[in-house]
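Engineer: Would you mind keeping the following structure in view while I ask a few things?
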Amino acid sequence: MSDAESPNTDYEFEPTSPNTGSEFEPVDIFPDSTDFDLRPGADSCYKCSMCDTSCPVAEVDDDFPGPKFQGPEQWRLKRSDDEHEIDDSIMSCSNCMRCDDACPSGVPLSQMHNTARGEYVEKQMDKLSIEYIRNRILANYRTSARIASKMPRIATAVMNFGPARWVMEKTLGVTKEREFPAFATQTFRQWWAARGGVTVSRENAREARERRGEPVDADKKVAYFHGCYANFNTPEVAKALVRVYEYFGYELVVPEQRCSGTPMFANGMVGDARRHAEVTLSSMSDLIEEGYDAIASCTSCSMALRQEYPELFDIDGVDTVSRNTFESVEYLRIHENLRSEIQSADVDDAIEKEFAYHAPCHARNQGISRQAVELFGELDDVTIEDVGDSCSGISGTYGWKEEKYETSMEIGEEMFEHMEAVDATTGMTECPTCSSQMEHGTGYDIRHPIELLSVALIQ
Amino acid sequence: MAIESDVLVIGGGLAGLTSALAAAQADIDVRLVTYKQSTLQQASGLVDVLGYRPNGDGPISNPFEAIPSLPVEHPYQTVGVDAVRTALSLFDEVTDYAGSHTDANALIPTHGGTIKPTARYPQSACAGIASDNRPMLLVGFDSITDFDAPLAADHLTSTGVPFDVRGVTIQFPGDLSADAKVTRYAKLLDTNGDVTVSETGGGGHRPARDALADRVKIYLDDETRVGFPAVLGDANAATVRATLGTSLGADVFEVPMGPPSLPGLRLEDQLFDALSDAGGFIESGNPVIDYTDDGSGTVEKVIVERNGAEIPMRAEQYILATGGLVGKGVESNREGVYEPIFGCHVAHDADRYEWFDEAVFGEHSFARFGVDTDTTLRPVDESGNIEFENLRAAGAVLGGYDYAAEKSASGVSIATGYTAGMNAATTVAQTNNVS
Chain A
28 MSDAESPNTD YEFEPTSPNT GSEFEPVDIF PDSTDFDLRP GADSCYKCSM CDTSCPVAEV
88 DDDFPGPKFQ GPEQWRLKRS DDEHEIDDSI MSCSNCMRCD DACPSGVPLS QMHNTARGEY
148 VEKQMDKLSI EYIRNRILAN YRTSARIASK MPRIATAVMN FGPARWVMEK TLGVTKEREF
208 PAFATQTFRQ WWAARGGVTV SRENAREARE RRGEPVDADK KVAYFHGCYA NFNTPEVAKA
268 LVRVYEYFGY ELVVPEQRCS GTPMFANGMV GDARRHAEVT LSSMSDLIEE GYDAIASCTS
328 CSMALRQEYP ELFDIDGVDT VSRNTFESVE YLRIHENLRS EIQSADVDDA IEKEFAYHAP
388 CHARNQGISR QAVELFGELD DVTIEDVGDS CSGISGTYGW KEEKYETSME IGEEMFEHME
448 AVDATTGMTE CPTCSSQMEH GTGYDIRHPI ELLSVALIQ
Chain B
680 MAIESDVLVI GGGLAGLTSA LAAAQADIDV RLVTYKQSTL QQASGLVDVL GYRPNGDGPI
740 SNPFEAIPSL PVEHPYQTVG VDAVRTALSL FDEVTDYAGS HTDANALIPT HGGTIKPTAR
800 YPQSACAGIA SDNRPMLLVG FDSITDFDAP LAADHLTSTG VPFDVRGVTI QFPGDLSADA
860 KVTRYAKLLD TNGDVTVSET GGGGHRPARD ALADRVKIYL DDETRVGFPA VLGDANAATV
920 RATLGTSLGA DVFEVPMGPP SLPGLRLEDQ LFDALSDAGG FIESGNPVID YTDDGSGTVE
980 KVIVERNGAE IPMRAEQYIL ATGGLVGKGV ESNREGVYEP IFGCHVAHDA DRYEWFDEAV
1040 FGEHSFARFG VDTDTTLRPV DESGNIEFEN LRAAGAVLGG YDYAAEKSAS GVSIATGYTA
1100 GMNAATTVAQ TNNVS
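Keeping their order, the protein sequence lines are chains A and B.
Per the numbering used here, the first sequence starts with residue 28, numbered consecutively.
Per the numbering used here, the second sequence starts with residue 680, numbered consecutively.
In structure tokens:
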């Protein structure tokens, strides 16, 4: 009915159905918005600049305006002007997330950066550009690694073949300075299946509980998020984790999972990350409902499940998984008397005994950047030295980009110097890409804490 | 299960670090948990004990003589002047700070050109001391707007300092961005990295230290000491000052700045290293949000929250060093003022309009908000009963003093931190001996 027509007032309407017949529809004030509201976070910023002093990129890169600009300041600019475009410097943020740990006011800086980067890539980046294609390939490491693992020896050789790498740098902008990690001839999942999967793990765990004098039917169950690297490149880390957990009487399952999304967040490929997260969250949340806790050996993977998923995705089970995910050594510190086991353990010659430990940036927000040093400091015959709180500089895919390589190495220089200053000639870290940077800068062999734990407690 | 230690310190500022250090040096198993990176980044790096009396009289020349006449509820009175001295000697032992040669306050120029009375100061501030009569040149960088050197020099002159002081503002050599972070300057000077000038500016590059010294030389007259904003390096700060000093033929010093502060960061590094060397454990990144007790006034464990997960931490003795109203160790809303973790009593007027004074620099009662304690620093409730037999408080979470007006923040944190740490350690040692 238009305003031009006069209302029909010839008769009274029925009191029980006074309206025109359509159902009441509440007004949607924020139509179709699935964005997280970052306003409270931006309002909490009082511009003390602590985040800027924690930023490893701002310390060496004169074109990078720092986390305070990338986060709350840019967010405010966007509110005042719909046409405001995300500054392209967001792509120089390495997503180390140190600014989160620095902010005394609880501003969700990395959430703001991830959101801004996602928007930049989605709306402003040319999808046919070499940079986009290169970043997409780097971010989807799992895809390449899956293909490579079908023919691991050939893939490792081809990926490190000089002329091929020269071409990759010239055409795609992937630095030729770095060596690609070797692909394992048997992935962790293949090993796990061949060993007998959960059935064997259940038996091993029962035997261990019996040996330890614990109730045989104790409810000790964990779901292992191994991530891509421990599956395709370093299955020895994943195997050590299985041994250690079974030693403590835990039954493991290795659920269906995809990439944690860390390299995707860092490249603004939020859609890709979401697709992968949906698969992981679906299987993980079911297991958690059944009484499992989730553990991860890679600190960036555990960071993604704990913090980035709930900050970026509204997916069923996201909060349950976040609350129940732990880093693998942290979980044992909470639930077992790991300290006294370590105090009474020793190590044979199966592994080096002096370690230069580097805490990954992503271990910081989880409160576990000192746990390896603390734990192994009490292990007989072993010395472990923290090489300081500098960033390794690689930040996942960041240091693989031809135009970021120099910055990456400049950031890492402090860590390399500290590694060389201590006696150890073996490195230790939880993060696979920090590990490759440590190896690249010093030539040292790099181990994961769970490997040392395995040697100390079991052999 | 829980993550266990004998003493658990909550808070990573000066009070928390000192208490953890005191306990760790007494061979007690200590863990320090801090929500975020240490707030020392926000501190000037100067360590004051008492600069003014509570009524505003001052500056005080000898803080140790003044302490016994402070009001009885002042934290210094709770721990006593001897504890202040012992605590400072622990601080002197683990840092490279100056000032321990005398009881008298040193007078240090600030970036605003005022004079601050302080008991201890970093090596980088030594040559700037205001009781020295050598002529001074202050050099500011146009991109570091927090330090206006000519203005600071005029201010100093008007306070009647016994020396001539001049200020110049220069451009930091090389094409740095206009909002380069303090860490960018520090990193360049630390590594003596090249600064470059674009083609439009004539091109070329030079090592940062040489380039800076040569530029300052142009302005140097007969001054024998030169002050810069506090960005002269981080890990290699002493070398940076020495190199610049040699080139300039003058002593080089830093003028302490507001946050984010390099001298604060350097102090943080020294204290964390000392704690680590003494065997203390450190965890940062997540807040303590709650506790459980055994129903009879003993804290059983505290809960650290991490993205919704609750991580239990248990200890024999706990130290609350979470800071004051700014540090969020004391919180308020329209209904009242409270201590958020353990719910310790914080005395305050029921009428919130009584919490402050109309005048900006008036007598604000909020400035003295904090927990009250017994003589061993255990928080007490409204009736003076101990809240928990194994909980102690240290630093700005304590009430009864106005550190901003008195210039006593660092001294109270160090003295009460030390005392709380020693008391906790002694109790643990006694329990261990009995059992």
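Beta carbons are placed, not taken as given, at the ideal position from N, Cα and C, and that holds for glycine.
Please read these numbers as outputs of a predicted model, since none were measured by experiment.
Excluding five sequence neighbours on each side, which residues of the same chain lie with their C-beta closer than 8 Å to the C-beta of Glu441(A)?
Structural biologist: Position 414 of the first sequence holds residue 441(A). Only Gly415, Ser417 meet the Cβ criterion.
Engineer: Pro135(A) and Gly68(A) look like a contact to me (Cβ under 8 Å); what is the Cβ gap, rounded to whole Å?
Structural biologist: On the first sequence, residue 135(A) is found 108 positions in, with the first residue counted as 1. On the first sequence, residue 68(A) is found 41 positions in, with the first residue counted as 1. 5 Å between Cβ atoms; contact.
Engineer: Chain B partners of Gln393(A), CB-CB under 8 Å?
Structural biologist: Here residue 393(A) corresponds to residue number 366 of the first sequence, with the count starting at 1. Neighbours of Gln393(A) on chain B, chain order: Gly964, Asn965, Arg985.
Engineer: Helix, strand or coil for Leu480(A), going by three-state DSSP, please let me know.
Structural biologist: To locate residue 480(A), count along the first sequence from 1; it is residue 453. Helix.
Engineer: Pull up the CB-CB distance for Thr212(A) and Arg180(A), whole angstroms please, since I reckon it's below 8 Å.
Structural biologist: As a working note, residue 212(A) is residue 185 in the first sequence. As a working note, residue 180(A) is residue 153 in the first sequence. About 7 Å separates the two Cβ atoms, so the contact holds.
Engineer: Along chain A, which residues have their Cβ under 8 Å away from the Cβ of Ala988(B)?
Structural biologist: The sequence position of residue 988(B) within the second sequence is 309, counting from 1. Arg333, Ser349, Arg350, Asn351, Thr352, Phe353, listed in chain order.
Engineer: Quick test of the definition: if touching needs 3 or more C-beta pairs under 8 Å, does the stretch 241 to 256 of chain A touch the stretch 315 to 334 of chain A?
Structural biologist: Touching, per the Cβ criterion.
Engineer: Taking CB distances under 8 Å as the criterion, tell me whether Val861(B) reaches chain A.
Structural biologist: Taking the first residue of the second sequence as position 1, residue 861(B) is located at position 182. Answer yes: the Cβ-Cβ gap between Val861(B) and chain A drops below 8 Å somewhere.
Engineer: Could you confirm whether any beta carbon from chain A is found closer than 8 Å to the beta carbon of Pro814(B)?
Structural biologist: Taking the second sequence and counting its residues from 1, one reaches residue 814(B) at position 135. By this cut-off, Pro814(B) is not an interface position.
Engineer: What's the gap between the Cα of Val297(A) and the Cα of Ser287(A)?
Structural biologist: In the first sequence, counting from the first residue as 1, residue 297(A) sits at position 270. In the first sequence, counting from the first residue as 1, residue 287(A) sits at position 260. Looking at the two C-alpha atoms, the distance is approximately 12 Å.
Engineer: Just checking: is the beta-carbon of Gln721(B) within a distance shorter than 8 Å of some beta-carbon in chain E?
Structural biologist: Of the protein chains in this structure, namely A and B, none is chain E.
Engineer: With a Cβ-Cβ cutoff of 8 Å, do Val728(B) and Val751(B) count as a contact?
Structural biologist: The count along the second sequence starts at 1 and reaches residue 728(B) at position 49. The count along the second sequence starts at 1 and reaches residue 751(B) at position 72. Result no, Cβ atoms of Val728(B) and Val751(B) do not sit closer than 8 Å.
Engineer: Against chain B, does Val345(A) count as a neighbour if the rule is that its beta carbon must be under 8 Å from one of theirs?
Structural biologist: For this step, residue 345(A) is matched to residue 318 along the first sequence. It does not: the Cβ of Val345(A) has no partner Cβ on chain B nearer than 8 Å.
Engineer: Report yes if the C-beta distance between Ala250(A) and Met311(A) is below 8 Å; otherwise report no.
Structural biologist: Sequence index remark: in the first sequence, residue 250(A) carries index 223 (1-based). Sequence index remark: in the first sequence, residue 311(A) carries index 284 (1-based). Contact: yes.
Engineer: Between Ser779(B) and Gln721(B), what straight-line distance do the alpha-carbon atoms span, to the nearest angstrom?
Structural biologist: Position 100 of the second sequence, counted from the start, is the residue given in the question as residue 779(B). Position 42 of the second sequence, counted from the start, is the residue given in the question as residue 721(B). Near 24 Å, if we compare the C-alpha coordinates of Gln721(B) and Ser779(B).
Engineer: Going along the chain, which unbroken runs of the alpha helix (DSSP H) with 4 or more residues stay wholly within the stretch 100 to 182 of chain A?
Structural biologist: Within the stretch 100 to 182 of chain A, the complete alpha helix (DSSP H) runs of at least 4 residues are 101 to 107, 125 to 129, 136 to 146, 157 to 166, 168 to 175.
Engineer: How big is the Cα-Cα spacing for Asn986(B) and Met330(A)?
Structural biologist: For the purposes of this step, residue 986(B) is taken as the residue at position 307 of the second sequence. For the purposes of this step, residue 330(A) is taken as the residue at position 303 of the first sequence. Near 10 Å, if we compare the C-alpha coordinates of Met330(A) and Asn986(B).
Engineer: Would the stretch 79 to 96 of chain A count as touching the stretch 118 to 131 of chain A if we require 3 or more Cβ pairs under 8 Å?
Structural biologist: The stretch 79 to 96 of chain A is in contact with the stretch 118 to 131 of chain A.
Engineer: Considering Asp972(B), what are the terminal residues of the alpha helix (DSSP H) in which it resides?
Structural biologist: Within the second sequence, numbered from 1, the residue matching residue 972(B) stands at position 293. Segment 967 to 972 is the beta strand (DSSP E) holding Asp972(B); no alpha helix (DSSP H) there.
Engineer: Under 8 Å between C-beta atoms, does Met936(B) make it to chain A?
Structural biologist: Stepping through the second sequence from its first residue, residue 936(B) is reached at position 257. Not one chain A Cβ lies under 8 Å of Met936(B).
Engineer: Taking Ile438(A) and Val87(A) to be in contact with their CB atoms under 8 Å, please state how far apart those CB atoms are, rounded to whole angstroms.
Structural biologist: The count along the first sequence starts at 1 and reaches residue 438(A) at position 411. The count along the first sequence starts at 1 and reaches residue 87(A) at position 60. Yes, Ile438(A) and Val87(A) are in contact; Cβ-Cβ is about 6 Å, under 8 Å.
Engineer: Report the option in Ile1093(B), Ala702(B), Asn965(B), Pro814(B) whose CA atom is closest to the CA atom of Gly1100(B).
Structural biologist: Here residue 1100(B) refers to the residue found at position 421 of the second sequence. That would be Ala702(B), whose Cα lies nearest to the Cα of Gly1100(B).
Engineer: Are the beta-carbon atoms belonging to Gly98(A) and Met139(A) less than 8 Å from one another?
Structural biologist: Here residue 98(A) corresponds to residue number 71 of the first sequence, with the count starting at 1. Here residue 139(A) corresponds to residue number 112 of the first sequence, with the count starting at 1. For Gly98(A) and Met139(A), yes; Cβs fall inside 8 Å.
Engineer: Got a sec? Which residues, its chain only, sit under 7 Å from Tyr272(A) by beta carbon, not counting five neighbours each side?
Structural biologist: Within the first sequence, the letter at position 245 stands for residue 272(A). Excluding residues within five positions, the ones whose Cβ falls inside 7 Å are Val249, Leu279.
Engineer: For Val225(A) and Glu234(A), what's the separation of their Cα atoms in angstroms?
Structural biologist: Reading the first sequence from its first residue, position 198 is the one you call residue 225(A). Reading the first sequence from its first residue, position 207 is the one you call residue 234(A). Approximately 14 Å between the Cα atoms of the pair.
Engineer: Tell me the DSSP secondary structure of Ala31(A) in three-state form.
Structural biologist: As a working mapping, residue 31(A) is identified with position 4 in the first sequence. Residue placement at Ala31(A) cannot be trusted, given a pLDDT of 49 that sits under 50; the coordinates are not used to answer.
Engineer: Does the pairing of the stretch 384 to 402 of chain A with the stretch 694 to 708 of chain B give three or more beta-carbon distances under 8 Å?
Structural biologist: With a cut-off of 8 Å, the stretch 694 to 708 of chain B and the stretch 384 to 402 of chain A do not count as touching, because too few Cβ pairs lie within range.
Engineer: Taking buried to mean at least 16 other C-beta atoms within 10 Å of its own C-beta, is Asp413(A) buried or exposed?
Structural biologist: The residue you call residue 413(A) lines up with position 386 of the first sequence. With 16 or more other Cβ atoms within 10 Å, it is buried.
Engineer: Compare the C-beta of Ser29(A) with all C-beta atoms of chain B and state if any pair is closer than 8 Å.
Structural biologist: On the first sequence, position 2 is the one that residue 29(A) refers to. For Ser29(A), the predicted model reports a pLDDT of 47, less than 50, meaning its position is unreliable and no value from the coordinates is stated.
Engineer: Where do the ends of the alpha helix (DSSP H) carrying Asp869(B) lie?
Structural biologist: Locating residue 869(B) in the second sequence gives position 190, where the first residue counts as 1. Per DSSP, Asp869(B) belongs to the alpha helix (DSSP H) from 861 to 870.
Engineer: In this structure, how does DSSP classify Phe1067(B) when only helix, strand and coil are distinguished?
Structural biologist: Within the second sequence, the letter at position 388 stands for residue 1067(B). Three-state result, Phe1067(B): coil.
Engineer: Going straight from the alpha carbon of Leu719(B) to that of Thr824(B), what length do you get?
Structural biologist: Locating residue 719(B) in the second sequence gives position 40, where the first residue counts as 1. Locating residue 824(B) in the second sequence gives position 145, where the first residue counts as 1. Answer to the nearest angstrom: the Cα atoms are 21 Å apart.
Engineer: List the residues of chain A whose Cβ lies closer than 7 Å to the Cβ of Phe1048(B), in chain order.
Structural biologist: Position 369 of the second sequence, counted from the first residue, corresponds to residue 1048(B). Chain A residues near Phe1048(B): none, gap ~19 Å exceeds 7 Å.
Engineer: So that I know if they touch, is there some Cβ in chain A lying closer than 8 Å to that of Thr789(B)?
Structural biologist: What you label residue 789(B) is simply residue 110 of the second sequence in a count that begins at 1. False, the Cβ-Cβ gap to chain A never drops below 8 Å.
Engineer: For His111(A), count neighbouring C-beta atoms within 10 Å of its own C-beta (all shown protein chains included) and say buried if the count is 16 or more, exposed if not.
Structural biologist: Start at 1 with the first residue of the first sequence, and residue 111(A) comes out as number 84. Its Cβ having fewer than 16 others within 10 Å, His111(A) is exposed.
Engineer: Which bits of chain B does Thr456(A) rub up against, with CB to CB less than 9 Å?
Structural biologist: The residue labelled residue 456(A) in the question sits at position 429 within the first sequence. None at all; the shortest Cβ gap to chain B is about 17 Å.
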